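Note that my numbering has the sequence shown beginning at -12, numbered continuously upward.
Don't be surprised by glycine CBs; every beta carbon is placed ideally from N, CA and C.
Predicted, not measured: the structure shown is a model, and the values here were computed from it.
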Amino acid sequence: SVEVDLTALGLGWRTMNDRGIDGDMAVGDDLWSTTVSVNDGTIGDVVLPVRMVDAFTTVMNDTAALTVANPGPRMTGFDLVPDRALRAASLILEVTVVDQHGVDDVSLDLTALGGGVETMLPIEGTDRWNLNFPLPATVEPGWVDLVLEMTDGLGTRSTTNTAVNPANGLVGPFMQVDGGGATDLRVLVLNDAPTIHVPDTLVVNGGDRGSCVTYTVSVEDMDGVRSVQIDRGVLTPIGSSAGWADMRDDGE
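Okay, structure coming up:
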């Protein structure tokens, strides 16, 4: 038999196995295993005593090393109002962030969207943090991820845009909430229409009847302008089709 002392992790002595169960990968390969779940705030390197007994009851003692990593804070929920908006619009974000070692800082990183890093404010007496922020004016339309940067009380940082569900309080396993994309912190950036600058009223002298005049407008859009059309109405030249006609920006 093989036993390991997990007292340092609050679990006591545990019997290991070579039967392909409880974390063991294969039967009879002389590799003995057991699963371990760390349910407290322990992190770092832990030395675990191991006791082995052969078929003649000879006992051998050794040690094994286990490293417990600090995963950093997790986001367990969020509210974003609205979840779709035009560029430069203001949004309100409230998130729930947990960590066994406490949460020191939560920020919203908008640098990938053309913005900056926005510091969120804690709501006293809760695990909630909130922020009122504008969407960057240069972000492209469509669904975009909003990424949180979080720091725990020991200085470990983590980043995420996905909410997870703590199955056992503040400790793991942490699982993604059912609902697929509903758990992702995202916003739909709406495409605003082009801005059209029209000239002053175009005056056509009576003597110019039957002649063609040029009508020019200025059109701006952050995403570029693919086409501009005009409905000339009763001013449609004879022989031309009524309705919307393409305007030109090619020098002709």
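- Here Gly(-3) carries a coil assignment [DSSP, helix/strand/coil].
- Here the alpha carbon of Thr146 sits roughly 9 Å from the alpha carbon of Pro60.
- The alpha-carbon of Ile225 is positioned some 53 Å away from that of Ala99.
- By the criterion of a C-beta distance shorter than 7 Å, Ala51 is surrounded in its chain by Val(-9), Leu35 and Val37, once the five residues flanking it on both sides are discounted.
- For Leu35, DSSP records a beta bridge to Ala51.
- In this structure, the CA atom of Val204 is about 34 Å from the CA atom of Leu78.
- Within the DSSP secondary-structure output, Ala72 pairs in a beta bridge with Val176.
- Scanning the segment 85 to 136 for uninterrupted beta strand (DSSP E) segments of 3 residues or longer gives 90 to 96, 104 to 106, 115 to 121 and 129 to 132, listed from N- to C-terminal end.
- Contact check for Val55 against Thr29 passes: the beta carbons are separated by less than 8 Å.
- Look at the beta carbons and you see the segment 63 to 75 not touching the segment 92 to 111: under three pairs across the two are nearer than 8 Å.
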